[in-house]
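Undergrad:
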Amino acid sequence: MSEKRILIEWPSLGAKVQMCKTDKNAKMFDEYCNRLPYHALQIHAMVAGYQWYHYSPCVVDEVTDLIDYNPKLDEIDDGWLLWTPLAGLVGCAYGHNTEYLRTIPIAKVRDEDLETLRSVGKRIWESVMYTKEIIEVRYSVIEA
Amino acid sequence: MNARCEELAKILDAEREKLTIEEPMDSKRLRLGLMDPPAGAYNQYFTNHFFADAEIRGLGMNLNTIDHCLRDDKFTMEQIRVIAGYMLPFSGEFLDYAGLRDVWKYLSEFIEMVNTIDEKEDLKNVCRALMIYLNYVHAWTHFYAPWGAGGSAFNFRSKEERAGLEAYFASEDALKKAYPFDRGQKNLK
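Chains as they are written, first to last, in my numbering: chain R, 1 to 144; chain F, 1 to 189.
Shown next, in the form of structure tokens:
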């Protein structure tokens, strides 16, 4: 039986990862998937920690009924895709974050993709901090 | 449906798509110091880039608030006009001066709509299109901000450096006075 996943690709890096639905914020996962695909300029958090993010054209009017898991950012595992209340901002924790604001995890990276996620994260950090290498990120839904 | 609002929303969506992975001219002007008048005290524009980046980030959040108010029955159009008047023009005009001309061009058009259109429904689409457009422009100012010029100068102190400071300052109180380290709300139990 197939399952819906989020495919994240960085074509210029030749990298991609798959994000899976979990029992946490599953309704939000579906709502988000309904708004894919899109693409964006990949950027990185400058304060929170090991987290890349980007803006998206996806806005959800009312999320209260879609959220059942709302932990603090510094307490989550690596590999969560994060929805934020700031319209259209999507992040991903690929390592520890010191910021202790609450967040909305909506999908978890496949175990086998965690190392790719971390190395892409480091490359994005270097790009925003130093090299200014433009990195495009693409999102789509796949059946796996 | 208001034709002017829908037309501007379409323009904003198209502009946003265009600049998604292609740097907008205004952002380029900002990072190269080509704005006229030259924004930046004492013949430098490093500071202008940081202020503009922070301002457009906040402006996107302010538009988010207006977006919520337009969709919330508790707010009347009259109230939204007042809120928008407080939240939008100052940031927009500053960003124009800083070099982001199109941001102010579109924002001032939106403000004029807020001030003259009475139906909240008419403004919903254009407000959201503007908010997403601003966020995408912010991605560029964030991306090209000269973070690397300062990052390595502000590394957190190592355990060894902190131990040295502690040895230098006779007491924890003296250390905390000179270096008021604070753990924020995490320590408020």
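C-beta: ideal position from N, C-alpha, C; glycine also. Computed from a predicted model, the values in this text were never measured in an experiment.
If residue 50(R) sits next to residue 93(R), beta carbons under 8 Å apart, how far is it from one beta carbon to the other, in whole angstroms?
TA: With a contact defined as Cβ atoms closer than 8 Å, residue 50(R) and residue 93(R) qualify at about 7 Å.
Undergrad: Who are the neighbours of residue 129(R) on chain F, taking C-beta pairs under 7 Å?
TA: 147, 148 and 151
Undergrad: Sorted by chain position, which residues of the same chain lie with C-beta nearer than 7 Å to residue 189(F)'s C-beta, five sequence neighbours on each side aside?
TA: With a pLDDT of only 48 at residue 189(F), under 50, the local geometry of the prediction cannot be trusted, and the value read off the model is given with reservation. Closer than 7 Å at Cβ, skipping near neighbours: no residue.
Undergrad: Suppose you measure from the CA of residue 56(F) to the CA of residue 11(F); what does that come to, to the nearest Å?
TA: 19 Å
Undergrad: For the beta strand (DSSP E) that residue 147(F) lies in, which residues bound it at each end?
TA: Where residue 147(F) is concerned, there is no enclosing beta strand (DSSP E), given that its DSSP letter is neither H nor E.
Undergrad: Using a Cβ cut-off of 7 Å, pull out every chain R residue sitting near residue 20(F), in sequence order please.
TA: Within chain R, the residues near residue 20(F) are 39, 40 and 41.
Undergrad: Between the C-alpha atoms of residue 87(F) and residue 106(F), what's the straight-line distance to the nearest angstrom?
TA: Answer to the nearest angstrom: the Cα atoms are 15 Å apart.
Undergrad: For the 8 Å Cβ check, are there 3 or more pairs between the region 29-42 of chain F and the region 81-100 of chain R?
TA: no
Undergrad: How far does the alpha helix (DSSP H) with residue 32(R) in it reach, from first residue to last?
TA: 26-33
Undergrad: Which partner residues does residue 19(R) have in the DSSP bridge list?
TA: 6(R) and 109(R)
Undergrad: Less than 8 Å between CB atoms is the rule here; does residue 87(R) satisfy it with respect to chain F?
TA: It does: the Cβ of residue 87(R) has a partner Cβ on chain F nearer than 8 Å.
Undergrad: Do you know how far the Cα of residue 167(F) is from the Cα of residue 158(F)?
TA: 14 Å
Undergrad: Pick out the complete alpha helix (DSSP H) segments inside the region 42-125 of chain F, 4 residues or longer, and give them in chain order.
TA: Secondary structure in the region 42-125 of chain F: the alpha helix (DSSP H) runs of 4 residues or longer, each lying completely within the stretch, are 46-70, 77-87, 89-98 and 101-116 in chain order.
Undergrad: Hey, quick one: how far does the alpha helix (DSSP H) through residue 27(F) stretch, first residue to last?
TA: Unbroken alpha helix (DSSP H) run through residue 27(F): 25-32.
Undergrad: According to DSSP, simplified to helix, strand and coil, what is residue 97(R)?
TA: strand
Undergrad: Which whole-angstrom value is the C-beta distance of residue 135(R) and residue 18(R), which I expect to be below 8 Å?
TA: Not quite, the Cβ-Cβ distance comes to about 19 Å (not below 8 Å), so this is no contact.
Undergrad: Please determine, among 40(F), 117(F) and 162(F), the residue with the shortest C-alpha to C-alpha distance to residue 52(F).
TA: The residue with the shortest Cα to Cα distance from residue 52(F) is 40(F).
Undergrad: Can you give me the C-alpha to C-alpha distance between residue 150(F) and residue 53(R), rounded to a whole angstrom?
TA: 21 Å
Undergrad: From what residue to what residue does the alpha helix (DSSP H) around residue 11(F) run?
TA: DSSP places residue 11(F) inside the alpha helix (DSSP H), whose first and last residues are 3-19.
Undergrad: Can at least three beta-carbon pairs, one atom from the region 55-71 of chain R and one from the region 23-34 of chain R, be found at a separation below 8 Å?
TA: yes
Undergrad: Closest Cβ-Cβ distance between residue 189(F) and chain R: below 8 Å?
TA: In this prediction, residue 189(F) has a pLDDT of 48, which is less than 50 and means its spatial position is unreliable; what the coordinates show is noted afterwards. Cβ-Cβ to chain R under 8 Å: no for residue 189(F).
Undergrad: Can you round the beta-carbon distance between residue 91(F) and residue 59(F) to whole angstroms, since I take them to be within the 8 Å contact cut?
TA: 4 Å
Undergrad: Flag this pair as yes or no: are the beta carbons of residue 11(R) and residue 138(R) separated by less than 8 Å?
TA: yes
Undergrad: Grab the span of the alpha helix (DSSP H) containing residue 138(R) for me, first residue to last.
TA: Careful: residue 138(R) lies outside any alpha helix (DSSP H), inside the beta strand (DSSP E) at 136-143.
Undergrad: Looking at the C-beta of residue 131(F), does it have a partner C-beta in chain R at a distance below 8 Å?
TA: yes
Undergrad: Indicate the three-state DSSP secondary structure (helix, strand or coil) for residue 136(F) in the structure shown.
TA: Looking at residue 136(F) - three-state DSSP - the assignment turns out to be helix.
Undergrad: Who are the Cβ neighbours of residue 110(F) in its own chain at under 6 Å, not counting the five residues just before and after it?
TA: Counting only Cβ-Cβ distances below 6 Å, and skipping sequence neighbours, we find 130.
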